[in-house]
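Chemist:
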Amino acid sequence: MTCLLALAGCGAPAAGSPTPAPVPPPSSSSVAPPPSSVTTPPPAPASTPATPRATVTATRPASPVSGVVVLDPGHNGGNAANPAAINRQVPAGRGRTKPCNTTGTATNAGFPEHAFTWSVALRVRDILVARGVKVVLTRPNDTGVGPCVDARAAAGNNADAAAVVSIHADGSTNASARGFHVAYSAPPLNAQQGEPSLRLARTVRDGMRAAGFPLSTYIGAQGLSPRADLAGLNLSTRPAVLVECGNMRNATEAAAFSSATGQQSYAKAIAAGILAYLA
Ligand SMILES: [Zn+2]
């Protein structure tokens, strides 16, 4: 079966799946409180673009984009060594509870999901900041524990985020399963989980599609997956989605996840989707 991910984290890796590679001990046994870092964008240019507005191009507009985006890199490097902290039950929305966080999955070669999500999140951040977007990350590094899924959701809510994007990769033991999907809360629990979140899901899906990434062959439809069980989405009062970039157990996708070039490609696609939403 698949590791049905989650902001709430891919629960423990699926039965029979290898345990993620050992991680260095965290600097603290406590859960890091979000938001962990805020990156302030550069000031807007004083002059208007030289290109006439009427010119139609295939590229995005070059003007700065306003708004705060919260990026949530799934899991954390210290989670595996701190089961007590990670297994603590926290509110998950819809009257349920879930473990604080999970270890995430890994490629068959042992490249862990948390390292992938961290790298991609930093790359997305850099692209967005260059476009004038203020970015908040839900964790400050890839060596800590947590934060819990409810705290990750609170980071987006407290930042009054224009968009919240959680970044994950799946761990289906079906090695032929591949492709990405974007999850959103359904049925929605508030107005922001309705049309705004669905629109964000579509723009991120379209960004991934335009970059050439294949739609999931095994979850959702047309790259979209309505979910009622993801704590981070359930607890969000802002437009929020969770992108599962693909299957870490698929050889082709594992190679992309593990390389800097591949990570940059995923980041560019996700950033394009976010910018399309903000535009
Ligand atoms: Zn995950």
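Note that the sequence shown covers residues 1312 to 1590 in our numbering.
We put the CB at the ideal spot given by N, CA and C, even for glycine.
#1: Could you check what DSSP says for H1386 in three-state terms: helix, strand or coil?
#2: Is E1424 near ligand 1, in the sense that its beta carbon is under 7 Å from a heavy atom of that ligand?
#3: Could you please give the first and the last residue of the uninterrupted alpha helix (DSSP H) stretch that includes S1496?
#4: Identify the residues that DSSP records as bridge partners of I1581: which are they?
#5: Restricting to Cα atoms, I'd like to know which of S1569, R1407, A1580, P1537 is closest to V1460.
#6: If you compare alpha carbons, which of R1513, V1440, I1478, G1467 is closest to N1387?
#7: Going by other Cβ atoms of all chains shown within 10 Å of its Cβ, with 16 needed for buried, is T1362 buried or exposed?
#8: Alpha carbon to alpha carbon, how far is S1570 from D1540? Give it in angstroms, no decimals.
#9: For G1505, is the beta carbon positioned less than 7 Å from some heavy atom of ligand 1?
#10: V1401 by DSSP, collapsed to three states: which one?
#11: Could you give the first and the last residue of the continuous beta strand (DSSP E) run that contains A1480?
Modeler: Quick look at the numbers:
#1: For the purposes of this step, residue 1386 is taken as residue 75 along the sequence shown, with counting starting at 1. Three-state result, H1386: coil.
#2: For this step, residue 1424 is matched to residue 113 along the sequence shown. Answer for E1424: yes, Cβ within range of ligand 1.
#3: Position 185 of the sequence shown holds residue 1496. Premise fails: S1496 lies in the beta strand (DSSP E), 1492-1496, not in any alpha helix (DSSP H).
#4: Your numbering for residue 1581 matches position 270 in the sequence shown. According to DSSP, which records beta bridges pairwise, I1581 is partnered with nothing at all.
#5: Indexing the sequence shown from 1 puts residue 1460 at position 149. Of the listed residues, the one whose Cα sits closest to V1460 is R1407.
#6: Indexing the sequence shown from 1 puts residue 1387 at position 76. Taking only the C-alpha atoms, the option nearest N1387 is I1478.
#7: Here residue 1362 refers to the residue found at position 51 when the sequence shown is read from its first residue. A caution first: T1362 carries a pLDDT of 37, below 50, which makes its placement in the model unreliable, though a value can still be read off. Classification of T1362: exposed, given that the 10 Å Cβ count is below 16.
#8: Start at 1 with the first residue of the sequence shown, and residue 1540 comes out as number 229. Start at 1 with the first residue of the sequence shown, and residue 1570 comes out as number 259. Cα to Cα, the separation comes out at about 31 Å.
#9: Looking up residue 1505 in the sequence shown gives position 194. Taking 7 Å as the cut-off, one finds no heavy atom of ligand 1 near enough to the beta carbon of G1505.
#10: Taking the sequence shown and counting its residues from 1, one reaches residue 1401 at position 90. Correct three-state label for V1401: strand.
#11: Looking up residue 1480 in the sequence shown gives position 169. 1474-1481 is the extent of the beta strand (DSSP E) around A1480.
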